[in-house]
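Okay, so here's the structure we're looking at.
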Amino acid sequence: MKRAKQSKVCTIANSLVKQGYTRAAAMVKAWILVKLPQAVTKVNGVTYKQRQKALEHLERYRREDITITLKHEPGNEYDKNAVAVVATV
């Protein structure tokens, strides 16, 4: 198990370096990401437009290959406290 975590940390760190992180910062962030517990939650607004198809598309990928980012949307006309959930592979 320890070897699997180390491999996952290295994989994540390499990806972060490609995104512009320094090697040291990438390793620290990767270790944090691997050690953090998963958060499971529900999200409103997934039936709007073609979001169900986008979610189905994500099912093709492994969970560890998907990055979820939360982005505040102060200009949202329905809720000034809205948060966008952005998934990237």
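For the sequence shown, the working numbering assigns the number 7 to the initial residue and increments by one for each residue that follows.
Where a beta carbon is used, it is the ideal one built from N, C-alpha and C, also for glycine.
All figures in this text were calculated on a predicted structure; none of them were measured in a lab.
For residue i, three-class secondary structure by DSSP
i, result
"residue 93", "strand"
"residue 17", "helix"
"residue 77", "strand"
"residue 68", "coil"
"residue 12", "helix"
"residue 52", "coil"
Bounding residues of the alpha helix (DSSP H) (the contiguous stretch that carries residue i)
i, result
"residue 38", "29-41"
"residue 45", "Here residue 45 belongs to no alpha helix (DSSP H), and DSSP marks it neither H nor E."
"residue 86", "Premise fails: residue 86 is in no alpha helix (DSSP H) and is neither H nor E."
"residue 59", "57-64"
Beta-carbon separation (whole angstroms), residue i vs residue j, contact threshold 8 Å
i, j, result
"residue 30", "residue 22", "Contact doesn't hold; Cβ gap of about 11 Å is too wide."
8 Å CB neighbourhood of residue i in its chain, flanking five on each side removed
i, result
"residue 82", "88"
*Touch test, the region 30-37 against the region 57-65, Cβ-Cβ under 8 Å, three pairs minimum*: no
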